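Notes for the one structure printed next.
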Amino acid sequence: MTTAVLTDHERAAVQAYLRLLHTVRAGFDAAPGPAGGPRPVVVPPSVLAEADQALRAAGLAGNEEAFFRLLRNWHPAS
Numbered sequence: 091m092t093t094a095v096l097t098d099h100e101r102a103a104v105q106a107y108l109r110l111l112h113t114v115r116a117g118f119d120a121a122p123g124p125a126g127g128p129r130p131v132v133v134p135p136s137v138l139a140e141a142d143q144a145l146r147a148a149g150l151a152g153n154e155e156a157f158f159r160l161l162r163n164w165h166p167a168s
């Protein structure tokens with residue numbers, strides 16, 4: 091198994107992504123709105139903004155292949 095040593099920015103990007111992923115999962119686990127109406131907003135804009143900023147700071151914006159490689163190496167269960 092390869093061990094990845096992440097920079098602070100890369101670690102922040104992975105952690106922000108994991109928070110985003112958990113937020114989305116929690117949103118889908120929530121019950122629908124009143125009377126079967128639409129579900130509440132799944133991801134608050136602040137969570138998306140944090141993930142976007144972390145990716146930019148790590149130089150990973152637009153480079154999904156490198157980001158997901160880091161994610162798989164650092165957090166294989168994702």
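No gaps in the numbering here: position 27 of the sequence shown is 117 in this note's numbering, and each next residue is one more.
Glycine residues also receive a C-beta, built at the ideal position from the N, C-alpha and C atoms.
Computed from a predicted model, the values in this text were never measured in an experiment.
Original post:
Looking only at C-alpha atoms, which of A106, D98, V95 and T97 sits nearest to V137?
Top reply: A106
Subject >> Residue range of the alpha helix (DSSP H) that includes L160 >> reply: E154 to W164
Original post:
What's the call for V95, buried or exposed, on a 16-neighbour Cβ count within 10 Å?
Top reply: Exposed.
Original post:
Which of helix, strand or coil does DSSP assign to V104?
Top reply: Looking at V104 - three-state DSSP - the assignment turns out to be helix.
Original post:
How is the alpha helix (DSSP H) around A144 delimited, first residue to last?
Top reply: P135 to A147
**OP:** Count the other C-beta atoms from every protein chain shown that fall within 10 angstroms of the C-beta of E177, then say buried if there are 16 or more, exposed otherwise.
**Re:** With the chain running from 91 to 168 in the structure shown, residue 177 is simply not present.
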